[in-house]
Structures are given as C-alpha cells and as structure tokens.
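Residue numbers (our numbering): 1 to 108.
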C-alpha cells in the first residue's frame, strides 16, 4: 500500500458556461467480505416442551415474609405530598422572579 496522495483533479474548463462541479467521490473497496445474514430458524424447530411430571425446583432459602414497615412504605402520605407541592411552587416562584429580574435589567 502506498502512502502517496492521488494527483490533484484537473482544473475546471474556462468559459462563460463553466459552473463549479462537486468532485467525484471514490468509494473504497471493503476490506473483508461481508457475510450474508443467517437464515431465519425453521418454524418446526420449536423448543421441546417440558415433560408433564416435571416441577419447578425448590428454593434453598425461604422467602422473607413481608413486614409491617414494607406495607406502610408503599404509599405517599398527605404530608409528603404537601411538601412536594410546596417545593414545586417555591421553585416556580424563584424561576418567575429570575425571569422578571432578567427582563427588567435588559430593558433598563
């Protein structure tokens, strides 16, 4: 493989009707052959069904029983919702004040 650059393109023809044209692109050949995609699986090649007598394996450790605290933590209390709403309103008010400050400083 050579490290020399290709020769420059020929100069455009001179004249009234000569418009600049985009250079022609040379596409590089692929380095390696691209393998074709694999064929789709045959419809008759479905996985074998489990025998009827088979059962699921038993877990070696028992599942932890749900505690009272885990059932309590599933919801949002009214106090938590109120704190969220107050925080949202405070942030919106802060954005409003910043916008007013920016508007008044840019005008005056």
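Cβ coordinates follow ideal geometry from the N, Cα and C atoms, glycine included.
Distance, residue j Cα to residue i Cα
i           : j           : result
residue 5   : residue 28  : 15 Å
residue 97  : residue 81  : 24 Å
residue 84  : residue 91  : 11 Å
residue 7   : residue 21  : 18 Å
residue 37  : residue 26  : 27 Å
residue 61  : residue 99  : 59 Å
residue 40  : residue 31  : 27 Å
residue 93  : residue 87  : 10 Å
residue 9   : residue 24  : 10 Å
residue 78  : residue 95  : 26 Å
residue 101 : residue 11  : 60 Å
residue 63  : residue 89  : 43 Å
residue 111 : residue 75  : Look at the range of the chain in this structure, 1 to 108, and you will see that residue 111 is not part of it.
residue 33  : residue 42  : 26 Å
residue 44  : residue 35  : 25 Å
residue 14  : residue 103 : 57 Å
Simplified DSSP state of residue i, which is helix, strand or coil
i          : result
residue 42 : coil
residue 98 : helix
residue 31 : coil
residue 60 : coil
residue 24 : coil
residue 14 : coil
residue 4  : coil
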